[in-house]
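Colleague:
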Amino acid sequence: MNGAAFGVNLLAAAAAALLVLLAAFAVGVRTGRHRVVDVAWGAAFAAVALTGYGLSASGGYGDATRRLLVTVLVVAWGLRLAVHIGRRSRGAPEDPRYARMLARAPAGPARTRYALRKVYLLQAVLVWFVSLPVQAAAYLTASPGPLLGVGVALWCLGLFFEAVGDRQLARFKADPANRGAIMDRGLWSWTRHPNYFGDACVWWGLFLLGADSPLGWAFLPAPLLMTWLLAFGSGRPLLERRMAATRPDWAAYAARTSSFLPRPPRRG
7 MNGAAFGVNL LAAAAAALLV LLAAFAVGVR TGRHRVVDVA WGAAFAAVAL
57 TGYGLSASGG YGDATRRLLV TVLVVAWGLR LAVHIGRRSR GAPEDPRYAR
107 MLARAPAGPA RTRYALRKVY LLQAVLVWFV SLPVQAAAYL TASPGPLLGV
157 GVALWCLGLF FEAVGDRQLA RFKADPANRG AIMDRGLWSW TRHPNYFGDA
207 CVWWGLFLLG ADSPLGWAFL PAPLLMTWLL AFGSGRPLLE RRMAATRPDW
257 AAYAARTSSF LPRPPRRG
């Protein structure tokens, strides 16, 4: 890996993530709904991957196969997520997570600055950090080995859980007969969060694309952080607290269904 070139990429990737999140911030301020940041989340990862591809390819750095593959996988994942969330949130009110967060801030310009710091800039930093294995993969010179195939397979598994889980939930919610009910069918009978589990698999798969190089393991904290956020941080716990407070049948569903890793539902 060319250290100087990779250092330039780190700065460019930070700028790319920041630009996407600042654009989302402008939309959020104009519409009064900051849930737009969730659309920008996937788009920012795609922007970072494309930035890394452009810089490394133009300089002739890294293995061309790995560079192209990691870029295609990240862009496909990021744009699918952005489009899905964009469609789901069209015309919807503010996300309860952001409404509660911003309710703690003073009204007026101070609340806007609070949203910029706590929502948008924080997510820009997370995008940059979590994408470190992707950025590095574009510059690693080691020839792809067996772990690249394992990474692609894990990415495919993750995208399956994300995309199919999202589709199943959307169809369930579209049926008026299911209003107020808990989705407990399909993948949602095996894990309470197939989309979060899939997301974790995607990022572990992307990490493995560069793990054939010893240097690739230096970026292990990135998928660890993403998994922690999904399973123990801002993902599953926040959503489950809201579900437990608003859905009477949530406790029964939670008792028979795995919280994260898929497994057959408990009987009885």
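If you count the sequence shown from 1, you need to add 6 to reach our numbering. Even glycine gets a Cβ: it sits at the ideal position worked out from N, Cα and C. Quick caveat, the model's predicted, so the values are computed rather than measured.
1) Closest by CA to Tyr-145, which one among Asp-69, Trp-194, Pro-243?
2) If we call anything under 9 angstroms between Cβ atoms a contact, is Ala-187 one with Ala-206?
3) Can you check which of these residues, Leu-79, Ser-95, Phe-51, is closest to Thr-37 by C-alpha distance?
4) Sorted by chain position, which residues of the same chain lie with C-beta nearer than 7 angstroms to Ala-52's C-beta, five sequence neighbours on each side aside?
5) Whole angstroms are fine: how far does the CA of Ala-10 sit from the CA of Arg-106?
6) Taking 9 angstroms as the cut-off, decide whether the C-beta atoms of Arg-204 and Phe-178 are in contact.
7) Could you name the residues of the same chain whose beta carbon sits closer than 8 angstroms to that of Leu-163, not counting the 5 residues immediately before and after it, in chain order?
8) Mark Trp-194 as exposed unless 16 or more other C-beta atoms lie within 10 angstroms of its C-beta, in which case mark it buried.
9) In this structure, does DSSP put Ala-187 in helix, strand or coil?
10) I need the straight-line Cα distance from Ser-149 to Asp-218, nearest angstrom please.
11) If you run the structure through DSSP and keep just helix, strand and coil, what is Arg-123?
12) Rounded to whole angstroms, what's the CA-CA distance from Ala-30 to Ala-50? Just pull it up for me.
13) One question on the structure: do Gly-48 and Ile-91 come within less than 9 angstroms of each other, judged by their Cβ atoms?
14) Less than 9 angstroms between the C-beta atoms of Trp-196 and Ser-264, yes or no?
15) Just verifying my parser: in three-state terms, what is the DSSP assignment at Ser-265?
16) Excluding the five sequence neighbours on either side, which residues of its own chain have a C-beta within less than 6 angstroms of the C-beta of Tyr-120, listed in chain order?
17) Can you name the start and end residues of the alpha helix (DSSP H) that Asn-201 belongs to?
18) Mapping DSSP to helix, strand and coil, what is Ala-144?
19) Is Gly-13 buried or exposed, if buried means 16 or more other CB atoms sit within 10 Å of its CB?
20) Of the residues Val-54, Arg-39, Gly-114, Asp-44, which one's Cα is nearest the Cα of Ala-19?
21) So, helix, strand or coil for Trp-196, using DSSP?
22) Determine the extent of the alpha helix (DSSP H) in which Arg-103 is found, giving its start and end residues.
23) Taking the alpha-carbon positions, what's the Ala-250 to Arg-262 distance?
24) How many Å lie between Leu-16 and Gly-97 at the Cα?
25) Taking Arg-123 as the reference, which of Ala-228, Val-43, Thr-71 has the closest Cα?
26) Classify Asn-201: buried if its beta carbon has 16 or more other beta carbons within 10 angstroms, exposed otherwise.
27) What are the boundary residues of the alpha helix (DSSP H) that includes Arg-173?
Modeller: According to the structure data:
1) Working through the sequence shown from its first residue, we reach residue 145 at position 139. Of the listed residues, the one whose Cα sits closest to Tyr-145 is Asp-69.
2) Within the sequence shown, the letter at position 181 stands for residue 187. Within the sequence shown, the letter at position 200 stands for residue 206. Against a cut-off of 9 angstroms, the Cβ pair of Ala-206 and Ala-187 comes out as no contact.
3) Against the sequence shown, residue 37 aligns to sequence position 31. If we check each option's Cα against that of Thr-37, Ser-95 comes out closest.
4) The sequence position of residue 52 within the sequence shown is 46, counting from 1. Excluding sequence neighbours, Ala-52 sits near Val-80, Val-81, Gly-84, Leu-85.
5) Within the sequence shown, the letter at position 100 stands for residue 106. Within the sequence shown, the letter at position 4 stands for residue 10. Approximately 43 angstroms, taken between the alpha carbons.
6) Working through the sequence shown from its first residue, we reach residue 204 at position 198. Working through the sequence shown from its first residue, we reach residue 178 at position 172. A small correction: the amino acid at residue 204 is Gly; Arg does not occupy that position in the sequence shown. Going by C-beta atoms, Gly-204 is not nearer than 9 angstroms to Phe-178.
7) Here residue 163 is taken as the residue at index 157 of the sequence shown, counted from 1. Gly-204, Cys-207, Gly-211, listed in sequence order.
8) Here residue 194 corresponds to residue number 188 of the sequence shown, with the count starting at 1. Buried is the call here.
9) Within the sequence shown, numbered from 1, the residue matching residue 187 stands at position 181. Ala-187: coil per DSSP, three-state reduction.
10) Position 143 of the sequence shown, counting from 1, holds the residue named residue 149. Position 212 of the sequence shown, counting from 1, holds the residue named residue 218. When rounded, the distance between both Cα atoms is 8 angstroms.
11) Numbered from 1 along the sequence shown, position 117 holds the residue referred to as residue 123. Looking at Arg-123 - three-state DSSP - the assignment turns out to be helix.
12) Within the sequence shown, the letter at position 24 stands for residue 30. Within the sequence shown, the letter at position 44 stands for residue 50. Computed Cα separation, rounded: 10 angstroms.
13) Locating residue 48 in the sequence shown gives position 42, counting from the first residue. Locating residue 91 in the sequence shown gives position 85, counting from the first residue. For Gly-48 and Ile-91, yes; Cβs fall inside 9 angstroms.
14) The sequence position of residue 196 within the sequence shown is 190, counting from 1. The sequence position of residue 264 within the sequence shown is 258, counting from 1. Contact flag set, yes.
15) Here the question's residue 265 lines up with position 259 in the sequence shown. Coil at Ser-265, not helix or strand.
16) Here residue 120 corresponds to residue number 114 of the sequence shown, with the count starting at 1. Excluding its 5 nearest sequence neighbours in each direction, Tyr-120 has C-beta neighbours in its own chain below 6 angstroms: Ala-111, listed in chain order.
17) The residue labelled residue 201 in the question sits at position 195 within the sequence shown. According to the DSSP assignment, Asn-201 belongs to the alpha helix (DSSP H) that extends over 200-214.
18) For this step, residue 144 is matched to residue 138 along the sequence shown. Looking at Ala-144 - three-state DSSP - the assignment turns out to be coil, as it is neither helix nor strand.
19) Within the sequence shown, the letter at position 7 stands for residue 13. Exposed is the call here.
20) If you number the sequence shown from 1, residue 19 lands on position 13. Closest option to Ala-19, judged by alpha-carbon separation, among Val-54, Arg-39, Gly-114, Asp-44: Val-54.
21) Here the question's residue 196 lines up with position 190 in the sequence shown. The answer is coil: DSSP assigns Trp-196 none of H, G, I, E or B.
22) As a working mapping, residue 103 is identified with position 97 in the sequence shown. Counting along the chain, the alpha helix (DSSP H) containing Arg-103 begins and ends at 102-109.
23) Translated into positions along the sequence shown, residue 250 becomes position 244. Translated into positions along the sequence shown, residue 262 becomes position 256. Roughly 15 angstroms between the two C-alpha positions.
24) Residue 16 sits at position 10 when you count from the first residue of the sequence shown. Residue 97 sits at position 91 when you count from the first residue of the sequence shown. Rounded to whole angstroms, Leu-16 to Gly-97 spans 36 angstroms at the Cα level.
25) On the sequence shown, residue 123 is found 117 positions in, with the first residue counted as 1. Closest by alpha carbon: Val-43.
26) Within the sequence shown, the letter at position 195 stands for residue 201. Buried, since its Cβ has 16 or more Cβ neighbours within 10 Å.
27) Taking the sequence shown and counting its residues from 1, the one referred to as residue 173 is at position 167. Start and end: 152-180.
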